[in-house]
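Visitor:
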Amino acid sequence: MEKDKMEKFEQKLTAIRDRLVGGVEKARRDSKDEVKGGVPDISDEASRTYTRQVILNLGEKEREELKLVELALAKISEETYGICDACEEKIPKGRLEAVPYTRYCVACQNQKEEG
Ligand SMILES: [Zn+2]
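Heads up: the sequence shown at position 48 corresponds to 51 in our numbering, and the numbers run straight through without jumps.
(1) What is the chain-ordered set of residues for which the beta carbon lies under 7 Å from any non-hydrogen atom of ligand 1?
(2) Alpha carbon to alpha carbon, what distance is there between Glu82 and Gln114?
(3) Give the DSSP bridge partners of Lys93, in chain order.
(4) Would you identify the three-state DSSP class for Arg106, choosing helix, strand or coil?
(5) Can you tell me where the alpha helix (DSSP H) with Glu67 in it begins and where it stops?
(6) Determine the DSSP secondary structure at Asn113, reduced to helix, strand or coil.
(7) Measuring CB to CB, does Tyr104 end up less than 8 Å from Leu71?
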């Protein structure tokens, strides 16, 4: 996938992540005066540890969603984003736009759901 497209998905994923982690992250940002506007750096180790604590306060569904978002963000940094985890084919862009943190193409997803 092209870098600029990947960056768009990265922004989307970060937005979803922010929504999930929600108020707690916001409170943290507000208390840190140096982070004003723009996207805070979420990749440092302290943030990761902190996020793990926040995750404990989320519901199961949100936790699962957040896990997928984190996985997708990791794949973006490895430049393997948009590749199906099961068959390693490219996931159609339309599907990624609908569910940016999906791990599978439609066929593999259906297979997983059918068991
Ligand atoms: Zn697949």
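We put the beta carbon where it would ideally sit given N, CA and C, even for glycine.
Guide: A quick look at the data gives this:
(1) Cys87, Ala89, Cys90, Glu92, Tyr107, Cys108, Ala110 and Cys111
(2) 25 Å
(3) Ile86
(4) coil
(5) Glu63 to Ser80
(6) Shown here, Asn113 sits in a helix according to DSSP, grouped into three states.
(7) yes
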